[in-house]
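Residue numbers are given in the working numbering: position 108 of the sequence shown equals residue 108, and the series is strictly consecutive. Where is the CB? At the ideal position from N, CA and C, for every residue including glycine.
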Amino acid sequence: MAQTHEHPGEQPAPDPIRLLGIRDTPLSVDEVFAAVGDSAAGGTALFVGTVRDHDGGADVARLGYSSHPTAEAELRRVAEKVAADFPVRALAAVHRVGDLEIGDLAVVVAVSCPHRAEAFAASRRLIDDLKSEVPIWKHQTFHDGTQEWVGA
Numbered sequence: 001m002a003q004t005h006e007h008p009g010e011q012p013a014p015d016p017i018r019l020l021g022i023r024d025t026p027l028s029v030d031e032v033f034a035a036v037g038d039s040a041a042g043g044t045a046l047f048v049g050t051v052r053d054h055d056g057g058a059d060v061a062r063l064g065y066s067s068h069p070t071a072e073a074e075l076r077r078v079a080e081k082v083a084a085d086f087p088v089r090a091l092a093a094v095h096r097v098g099d100l101e102i103g104d105l106a107v108v109v110a111v112s113c114p115h116r117a118e119a120f121a122a123s124r125r126l127i128d129d130l131k132s133e134v135p136i137w138k139h140q141t142f143h144d145g146t147q148e149w150v151g152a
């Protein structure tokens, strides 16, 4: 059966960006997932980035994220581009800054679209562009005392 794009639910939502933020408080998967709920969405893709205990073969002791004052505006720009390129019904993205512990949520993004393939593609673009274009930097301290800035 041929897919029709004439139904309003197959179209992008007029204002699909539901939640964006750079926060110094713990993130909530439930909050982000709830923000992208849409009755016309047949697929929702959610990505959760967590602080891991290693990087590049070294054991991570702790890490912190910091951001440029323009980070939220850049996050909005990235989100708007994703919403323009895909039939997004709803989109949400939050990133944590400050000192984080191993296992903490560092970033949560979600996108809902009429179909799963679109949701997967849009959420992949959202997290990839967020990581490459939004000015957020990671400072890692390793168990051997060495330190590293990532993204700076």
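**Message:** Among the candidates Ile102, Phe120, Ser123, whose CA atom is the shortest distance from the CA of Phe142?
**Reply:** Ile102
**Item:** Buried or exposed by the 16-neighbour rule on C-beta atoms within 10 Å, applied to Ser39
**Value:** exposed
**Request:** Return the CA-CA distance between Asp85 and Val150, expressed in angstroms with no decimal places.
**Result:** 28 Å
**Beta-ladder partner(s) of Lys131, from DSSP** = None; Lys131 has no bridge partner.
**Asked** Are Val78 and Arg23 closer than 8 Å when you measure CB to CB?
**Response** no
**Asked** In the structure shown, what three-state DSSP assignment does Ser112 receive?
**Response** strand
**Asked** From Ala110 to Arg124, what distance separates their C-alpha atoms?
**Response** 9 Å
**Request:** Go through its chain and collect everything with a Cβ distance to Leu27's Cβ below 7 Å, but skip five positions before and after it.
**Result:** Val94, Arg96, Leu105, Val108
**Request:** Kindly indicate which three-state DSSP category Gly9 falls into: helix, strand or coil?
**Result:** helix
**Runs of beta strand (DSSP E) lying entirely within the region 39-113, each at least 3 residues, in chain order** = 43-50, 58-67, 90-96, 98-100, 105-113
**Prompt:** When the Cβ atoms of the region 45-63 are set against those of the region 6-18, are three or more pairs found closer than 8 Å?
**Reply:** no
**Asked** Is it the case that the Cβ atoms of Ala83 and Val134 are separated by a distance below 8 Å?
**Response** no
**Message:** By alpha-carbon positions, which one of Gln140, Leu100, Leu75 ends up nearest to Asp128?
**Reply:** Leu75
**Request:** Would you mind giving the Cβ-Cβ distance between Leu46 and Phe33, rounded to the nearest angstrom? I have them listed as a contact below 8 Å.
**Result:** 6 Å
**Prompt:** What residue does the alpha helix (DSSP H) around Val29 start on, and which one ends it?
**Reply:** 29-35
**Item:** Exposure of Val29, with buried meaning 16 or more beta-carbon neighbours within 10 Å
**Value:** exposed
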